[in-house]
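Participant: Here you go, one structure.
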Amino acid sequence: MAAANESSEAQEATWKEQALLLREKRIWRRLEMLHTIVERTNGNIFELKKHLQEHKDDSDEDEFDAEELLVQERSKRQRLMDQIEELEHEVVANVQHQQML
1 MAAANESSEA QEATWKEQAL LLREKRIWRR LEMLHTIVER TNGNIFELKK HLQEHKDDSD
61 EDEFDAEELL VQERSKRQRL MDQIEELEHE VVANVQHQQM L
């Protein structure tokens, strides 16, 4: 009876460990994806700044549109960076939890 109980506890511990590893793997994939999106967003911001610099003497709607897009891209980048920070905190919490086991 004791052997069966120990086996059951060991199996449960293994399942918990596998669940934590799977969760961590998902978090890392999401972090990679978010970093890729941030890089692309940074490229968009660079191109919009370049466009505005090249057309700073123009006084048409195109300049206003580019400025509005620039504001939107910067806002998007901030949201992405906030999500990345949240996920990084989650990874740290998971590591600390695993160390306690």
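Residue 39 in full-length UniProt numbering sits at position 39 of the sequence shown, and the numbers go up by one each step. Note that the Cβ used here is the ideal one computed from N, Cα and C, for glycine as well.
Between the beta-carbon of residue 69 and the beta-carbon of residue 30, is there less than 8 Å?
Facilitator: Contact: no.
Participant: Between residue 48 and residue 85, which are expected to be in contact by the criterion C-beta below 8 Å, what is the C-beta distance as a whole number of angstroms?
Facilitator: Approximately 24 Å separates the beta-carbon atoms of residue 48 and residue 85; this is outside 8 Å, ruling out the contact.
Participant: I'd like to know whether the C-beta atoms of residue 42 and residue 77 end up nearer to each other than 8 Å.
Facilitator: A contact, by the Cβ cut-off of 8 Å.
Participant: Would you mind sorting residue 66 into buried or exposed? The rule is 16 or more other CB atoms within 10 Å of its CB.
Facilitator: buried
Participant: Let me check understanding here. Comparing Cα to Cα, which of 52, 28 and 35 lies closest to residue 95?
Facilitator: 28
Participant: For residue 82, which of 46, 37, 44 and 99 has the nearest alpha-carbon?
Facilitator: 37
Participant: Quick check on residue 76: does DSSP put it in helix, strand or coil?
Facilitator: helix
Participant: Note down, in chain order, each residue of its chain lying with its Cβ closer than 7 Å to the Cβ of residue 98, except the 5 sequence neighbours on either side.
Facilitator: 20
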